[in-house]
Amino acid sequence: MKKKSLLALAATGLAMSSVLAACGGNDDSKDSSGGDEKAGFKVGMVTDTGGVDDKSFNQSAWEGIQKFGKDNDLKEGTGYKYLQSAKQSDYQPNLQQLARAKYDLILGIGFLMAEDIGKVADQFKDNNFALVDMVVDKPNVASIVFKENEGSFLVGVVAGLTTKSDKVGFVGGVNSDLIKKFESGFKAGVKAVNPKADIEVQYAEDFNAAEKGQAIASGMYGKKVDVIYHAAGGTGQGVFTEAKNRKKNGEDVWVIGVDRDQVEEGMPENVTLTSMVKRVDTAVEQVAKDTKDGNFPAGKVVEFGLKDGGVDIAPSQDNVAKDVLTKVEDFKKQIIAGDIKVPATDDEYKEYEASLK
Amino acid sequence: MKLERFYGILIPILSIILGMVVGAIVMLAGGYNPVDGFDQLFYGIFGEPYSIGETLRAAAPLIFAGLAVAFAFRTGLFNIGVEGQVLVGWMVAVWIGIEFDLPTAIHLPLALIGAGLAGALWASIPGILKAKFHVHEVITSIMMNYIALYVTNDILRHVIGIENERTESVKESASLASPFLQELTDFSRLHNGIFIAVLAALVFWFILWKTTLGYELRAVGFNKSAAEYAGMGVNKNIVLSFVISGVFAGLAGAMEGLGTFQNMTLNASFTGVGFDGIAVALLGANNPIGVVLAALLFAGLNIGGLSMQQIGIPPELIKIIIAFIIIFVASGYAIRLLIEKFTVKKPEDKKVKGADK
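Read top to bottom, the protein sequences are chains V and Y.
Quick note on numbering: the first sequence equals residues 110 to 466 in our numbering.
Quick note on numbering: the second sequence equals residues 86 to 442 in our numbering.
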């Protein structure tokens, strides 16, 4: 009997919900989800599965949207909001929801959403979408990407001037166009200030393999490299671990962090020299502002570099010598002014290296 | 008898209402309007063709996962390893979908069979360990989940190949996608898998209740010693039960790989499909129709829950509300006992109960 009643119960549950939906849903749901149409600009973002408090991309993007909302007197919930995705399969329904609620700008955070945003953008041609960190070629999608090579150049300058052994290292996550931007920019920065420096480059072919990161770092430090810049996500954690172990044993080694200020990862041994930060918040805020002013970069790739504050050297610079920081400022000005064109690919780097001689 | 039928309808309605009342209290405590909240929930399930499509889409893998757990349970076995079997099924389905170039009539069935076999193979390990060495299947199947998670990730990386953390899409000839269903549901990701899932529920019923094998499997589930005494091969049946359970689980993976996503992404953590399957099976009383209905309920609440974010209810609170509704639906029997306590008991009522079992 138990069996049967449970079964009937599930059935009735479903039947009942449909009845309820029929009486409650249709007349006003659309309005309530849409908010008051005249309230003006509405911007929404969909997080990836990391959630809005991931201390990384999602959180940074949400901070940018919050700032935009406050500056423009929008109300959270009706003027700006985020939808969180618990699973990958939630990306599309969440993007759809915002599109149906007629949001003026819908942001997808992270390249994992690229395919989903492309599909939803095809269905809702009147909405404006933006994707962070990857290019989606659709007439109503703006692709927000960063000039990681420019930020990496600055930390390359730091590395080139800080190294005592004239040997620096670069640990990449996966060998790809994106990570090549970090590598090329970094190498250019090192060579600009220290032409005789050796640069060791190695890829872990993995963004989540701390043990590989540690092994690579161990090999590099073993060859007298004393500054390593990592662009390897979770794999980079291993670089920090190795550096901390060596610092404990009295070796003078450094790590340069990536994406956000990684000073804490270097604690308590204090091995983080500085970091190259990507300001997702600044970028998102800027695109929201442009869209509100009627300048949505439809179908365009919007690049954020040093000039727009999209990438930069992290504010934690206590471990960097004063005269080095002055040099960094100097190079920053030159890059912003366009006097230095920072290479982003292997070929561009070769050209750049040749131009130094 | 009339009273019974009355109960059969009353109790499920009551449990849903009670669950919603508690959910409403949670919303009030969080400062949200429960009427708006439930309005959004039901709108998110039934409000538009799109949401109905997404609910059915989400139900397909849950039906398979629920059937997998329920099948093993009928033989008195806990297959907690459905999650891992889903992952290997998903991977093999996608691999076949990418690697081969065949007409749909061969390619799609091949991909489905491959997924089923992969799940079966994975499930046979805890089955054999249980049958031969009396190792508890809960421990082994849980551990097989972790092995599956990291092994599939590694194979995706190094054998199948990934770009931007996902494989390429499966060929159209292996895809379950249905342009007709998509158009019908306003471009949800609803695919033909839902029909296969319902068919699988029929197969489930047929194997267990219409074949000698099923009779033996159930006999082992009721009483192992008695079954052995009756001359049934208990060990053989344990392995078989796990293998068939694994086929269902592997197909759940194929629903995601050939239907929802058309590819596979590196998974940082479990998908949750297998674990939800446990709840679906128990809520559906290990009965095929019950499993289908429970899967629909789960899928509906998950998809509907996404739209509750629309009025600003945070995702964490939504999960709590949904959990309460499911708890109350699952405790229908307790509610029945309560009602019986407060009503005059009739002797024939009891008799019907006994006869029914």
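We treat Cβ as the ideally placed atom computed from N, Cα and C, and that holds for glycine.
Bear in mind the structure is a predicted one, so any value in this text is a computation, not a measurement.
Locate the alpha helix (DSSP H) running through residue i, then write down its first and last residues.
| i | result |
| --- | --- |
| Met393/Y | 373 to 393 |
| Val367/V | Element bounds for Val367/V: not the alpha helix (DSSP H) but the beta strand (DSSP E), 363 to 368. |
| Leu187/Y | Where Leu187/Y is concerned, there is no enclosing alpha helix (DSSP H), given that its DSSP letter is neither H nor E. |
| Ala210/V | Segment: none, Ala210/V is in no alpha helix (DSSP H) and carries neither H nor E. |
| Thr140/Y | 134 to 159 |
| Gly345/V | 345 to 357 |
| Ile323/Y | 319 to 339 |
| Ile396/Y | Per DSSP, Ile396/Y belongs to no alpha helix (DSSP H) and is neither H nor E. |
| Ala230/V | 223 to 232 |
| Pro406/V | Segment: none, Pro406/V is in no alpha helix (DSSP H) and carries neither H nor E. |
| Gly362/Y | 358 to 368 |
Roughly how many whole angstroms lie between the Cα atoms of residue i and residue j?
| i | j | result |
| --- | --- | --- |
| Asn428/V | Leu434/V | 10 Å |
| Ser258/Y | Ile191/Y | 9 Å |
| Asp157/V | Asn320/Y | 45 Å |
| Ala364/Y | Ile148/Y | 11 Å |
| Val332/Y | Ala203/Y | 8 Å |
| Arg303/Y | Ala208/Y | 19 Å |
| Ile96/Y | Ser260/Y | 41 Å |
| Tyr312/V | Ala262/Y | 37 Å |
| Ile407/Y | Val155/V | 21 Å |
| Asp231/V | Lys247/V | 8 Å |
| Ala196/Y | Ser198/V | 21 Å |
| Asp137/V | Asn387/Y | Note that Asp137/V has pLDDT 38, beneath the 50 cutoff, so the model's placement of it is unreliable and the number below is only indicative. So the alpha carbons of these two residues sit roughly 22 Å apart. |
| Ser165/V | Lys215/Y | 44 Å |
| Gly299/Y | Pro264/Y | 38 Å |
| Leu221/V | Leu391/Y | 19 Å |
| Gly408/V | Gln395/V | 16 Å |
| Asp225/V | Glu301/Y | 47 Å |
| Phe360/Y | Leu216/V | 31 Å |
| Gly278/Y | Ala145/Y | 6 Å |
| Ile449/V | Gln443/V | 6 Å |
| Glu314/V | Lys296/V | 19 Å |
| Ile174/V | Gly153/V | 8 Å |
| Val410/V | Val241/V | 10 Å |
| Val254/V | Phe291/V | 13 Å |
| Lys398/V | Gly418/V | 15 Å |
| Arg209/V | Pro202/V | 10 Å |
Pull the bridge partners of residue i from the DSSP assignment, please.
| i | result |
| --- | --- |
| Gln311/V | Val280/V |
| Ile253/V | Val241/V, Val411/V |
| Val155/V | Leu192/V, Gly217/V |
| Tyr338/V | Phe279/V, Ile365/V |
| Thr350/Y | Arg251/Y |
| Ala262/Y | His276/Y |
| Glu172/V | Note: Glu172/V sits in no beta bridge, so no partner. |
| Glu185/V | Tyr189/V |
Using a C-beta to C-beta distance shorter than 8 Å, which residues of chain V count as neighbours of residue i?
| i | result |
| --- | --- |
| Ser263/Y | Here the premise fails: no neighbours, minimum Cβ distance about 15 Å. |
| Asn249/Y | Phe220, Leu221, Ala223, Met243 |
| Leu391/Y | Leu192, Asp199, Pro202, Asn203, Gln206 |
| Gln170/Y | The contacting residues do not exist; Gln170/Y stays about 18 Å from chain V at best. |
| Ala143/Y | Ser198 |
Under DSSP, the beta strand (DSSP E) around residue i begins and ends at which residues?
| i | result |
| --- | --- |
| Phe280/Y | Segment 278 to 295 is the alpha helix (DSSP H) holding Phe280/Y; no beta strand (DSSP E) there. |
| Met376/V | That residue, Met376/V, is in no beta strand (DSSP E); it is neither H nor E in DSSP. |
| Leu382/V | 381 to 387 |
| Val420/V | 420 to 422 |
Show which residues of chain V have a CB atom less than 7 Å away from the CB atom of residue i.
| i | result |
| --- | --- |
| Thr345/Y | Ser198 |
| Pro400/Y | Gln193, Ala195 |
| Gly357/Y | Lys196 |
Mind listing the chain V neighbours of residue i? Cutoff is C-beta to C-beta under 9 Å, in chain order.
| i | result |
| --- | --- |
| Ile388/Y | Asp199, Pro202 |
| Leu350/Y | In the sequence under discussion, the amino acid at residue 350/Y is Thr, which differs from the Leu named in the question. Gln197, Leu221, listed in chain order. |
I want to verify the contact list: residues of chain Y whose CB lies under 7 Å from the CB of residue i, in sequence order.
| i | result |
| --- | --- |
| Gln232/V | Phe272 |
Cβ closer than 8 Å: which chain Y residues qualify as neighbours of residue i?
| i | result |
| --- | --- |
| Ala210/V | Gln395 |
Interface positions of the region 178 to 194 of chain V facing chain Y (Cβ-Cβ less than 9 Å), listed along the chain: Glu185, Gly186, Thr187, Lys190, Tyr191, Leu192, Gln193, Ser194: these are the residues of the region 178 to 194 of chain V whose beta carbon lies less than 9 Å from some beta carbon of chain Y, given in chain order.
Cβ-based contacts, 9 Å cut-off: residues of the region 119 to 141 of chain Y near chain V: When C-beta distances to chain V are compared with 9 Å, the residues of the region 119 to 141 of chain Y below that value are Val120, Asp121, Phe123, Asp124, Gln125, Leu126, Phe127, Tyr128, Gly129, Ile130, Phe131, Gly132, Glu133, Tyr135, Ser136, Glu139, in chain order.
Residues in the region 338 to 350 of chain V having any Cβ partner in chain Y nearer than 7 Å: Listed in sequence order: no entries.
Residues within the region 268 to 282 of chain Y neighbouring chain V, beta-carbon criterion of under 9 Å: For the region 268 to 282 of chain Y, the residues whose beta carbon sits under 9 Å from a beta carbon of chain V are, in order, Asp271, Phe272, Ser273, Arg274.
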